[in-house]
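Heads up: the sequence shown is residues -31 to -1, 1 to 320, going by mature numbering (1 follows the signal peptide of the UniProt record, and there is no 0).
Backbone N, C-alpha and C define an ideal beta-carbon position, used for all residues, glycine too.
Step one of this worksheet: look at the structure below.
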Amino acid sequence: APGIWPDLRGPRMLGTTVILTLLLCSFSGHAGSLPEDLPAISSQEQQEGIVFIHTGSSLSSLSCSPAGLEVAEPSYEWVQHHGAVSRTLSVTKEGHLLLQHFQTGDSGNYSCTISYTKNGVPAAQRFHYSILGYHVLGGLDIVLLFYSKLCKDEWIKSFLWALQKQLRQLETEQHCKFQISDTFCFPSLSNHSDELVVQVELEVSLFGPNWDEYCKPEDMEKLTDCYHTTVQQNLQQAQLALTRFFEEHKSFYITGANIPSTNFTNEFVGILQTKQCSEGYGQTKQMQTCLDCCIVCPPGTFSPPKKSQCFPCPVGTYSLVYGAALCTPCKDGMRTRGLGASSMANCVKKE
């Protein structure tokens, strides 16, 4: 089972098979009142440990209880809480919660209940955690210019499909993800008046499958350093791979049953390294070991693309989830009483 390392400077961060802990605990609870012929159940609550897990991390493991807690024949139950909805999670026999390929939507409130018998009396302890996704800075913005004689939607869609298909192998090789963020079509300024320019904008995330496979250190500082180093190395490698890819793939020949054949010929590749948070993340400075890291925005807040801040939802809107890029407007002309609404129940009729 993974070990636990205390970090006395702030909340803990969880990496690949690494757990680093700061528990902010308060205890409550007492034996319940049951009929005399049944043993009372002794219970305790330990509240609100904060855990950071890097978005896209291959495998993270969280222990149910702090180090040093020893009980006989325990059983474990992990639950993820989404408002009034709870989801039971699978765990190892040692009570560790395994989170594979952690994504933004996995952020939230979790609890683990450890049940056992003490001196013949059923007992239970419940531990509460707030798990927050985060990522280190680093990404690529790509601008591609292609020349073509045709620029209608059906040709553009076929061309983009072919482009994405060709890029899939590169995604696997470079452990990254490509997302088309925008596409434009406009007349060429060259002497060829019948040519059109198709501009394609790509965003490259460096947190694809197995991006962190070499990050297996034993403490938080080394884990953060490893993530930073890996991202910088992957930036350089992805940039070289993309440049080489478009040197080898200058032209995309598009044909189909209901559209005439045409070529999309690449004439320009622009690559820019970025230092911005992903949408739904902001530089909240919650992690003492990585103040410039991007932390997922909690419910009631949002972060649009390229902004790198979590903003409270404006009056008349709300956000239910972690990592919202936009807030949802209230229906039927209703509004919220203030900023930062996190539930549709906060929408009320105008007075």
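Please classify residue i as buried or exposed, where buried requires at least 16 neighbouring CB atoms within 10 angstroms.
| i | result |
| --- | --- |
| Y222 | exposed |
| N179 | exposed |
| S311 | buried |
| T86 | exposed |
| A92 | buried |
| V284 | exposed |
| V317 | exposed |
| V173 | buried |
| D75 | buried |
| T61 | exposed |
| T212 | exposed |
| V20 | buried |
| Q143 | buried |
| P273 | exposed |
| N88 | exposed |
| G225 | exposed |
| L204 | buried |
| G77 | buried |
| D181 | buried |
| Q69 | exposed |
| S159 | exposed |
| T286 | buried |
| A314 | exposed |
| R306 | exposed |
| T(-11) | For T(-11), the predicted model reports a pLDDT of 32, less than 50, meaning its position is unreliable and no value from the coordinates is stated. |
| I148 | According to the sequence as given, residue 148 is Gln; it is not Ile. Q148 is exposed by the Cβ-count criterion. |
| P156 | exposed |
| L308 | exposed |
| V90 | exposed |
| Y103 | buried |
| G239 | exposed |
| residue 324 | In the structure as shown, the chain starts at -31 and stops at 320, and residue 324 therefore has no counterpart that could be examined. |
In the DSSP assignment, what are the bridge partners of residue i?
| i | result |
| --- | --- |
| S44 | S84 |
| D110 | E172, L241 |
| A310 | Y287 |
| E39 | Answer is none; E39 lacks a bridge partner. |
| F271 | F280 |
| V317 | R304 |
| T297 | Y287 |
| S34 | Partner(s): none; S34 has no beta bridge. |
| S117 | L165 |
| N232 | Y222 |
| E63 | DSSP lists no partner for E63. |
| Y250 | V265 |
Taking the continuous beta strand (DSSP E) assigned at residue i, which residues delimit it?
| i | result |
| --- | --- |
| Q69 | 66 to 69 |
| A92 | 90 to 104 |
| I228 | I228 -> no beta strand (DSSP E), and no H or E assigned at all. |
| C263 | 263 to 265 |
| S29 | 28 to 31 |
Looking at the ligand ATP, does it come within less than 6 Å of residue i, judged from the CB to the closest heavy atom?
| i | result |
| --- | --- |
| I22 | This structure lacks the ligand ATP; in fact it carries no ligand of any kind. |
Taking only beta-carbon atoms, is residue i less than 7 Å away from chain C?
| i | result |
| --- | --- |
| V238 | The structure shown contains no chain C; it holds only a single protein chain. |
### Message
So within the segment 121 to 173, which uninterrupted beta strand (DSSP E) runs reach at least 3 residues, ignoring any that extend past its ends?
### Response
Runs found: 146 to 156.
### Task
Inspect the CB distances between the segment 253 to 261 and the segment 228 to 237 and report whether three or more fall short of 8 Å.
Contact fails between the segment 253 to 261 and the segment 228 to 237, because fewer than three Cβ pairs, one in each stretch, are under 8 Å apart.
### Task
Report yes or no: do three or more beta-carbon pairs, one from the segment 113 to 129 and one from the segment 22 to 39, lie closer than 8 Å?
Flag = no, the segment 113 to 129 and the segment 22 to 39 do not touch.
### Query
Do the segment 131 to 140 and the segment 259 to 275 meet, that is, are 3 or more Cβ pairs less than 8 Å apart?
Because the criterion of three Cβ pairs below 8 Å is not met, the segment 131 to 140 and the segment 259 to 275 do not touch.
### Query
Can at least three beta-carbon pairs, one atom from the segment 268 to 284 and one from the segment 234 to 254, be found at a separation below 8 Å?
Under the Cβ criterion (8 Å, minimum of three pairs), the segment 268 to 284 counts as touching the segment 234 to 254.
### Contact the segment 123 to 134 vs the segment 162 to 169: 3+ CB pairs below 8 Å
Touching, yes.
### Task
Decide if the segment 291 to 304 is in contact with the segment 265 to 277; the criterion is three or more beta carbon pairs, one per stretch, under 8 Å apart.
By the Cβ criterion, the segment 291 to 304 is in contact with the segment 265 to 277, since at least three pairs of Cβ atoms, one from each stretch, lie closer than 8 Å.
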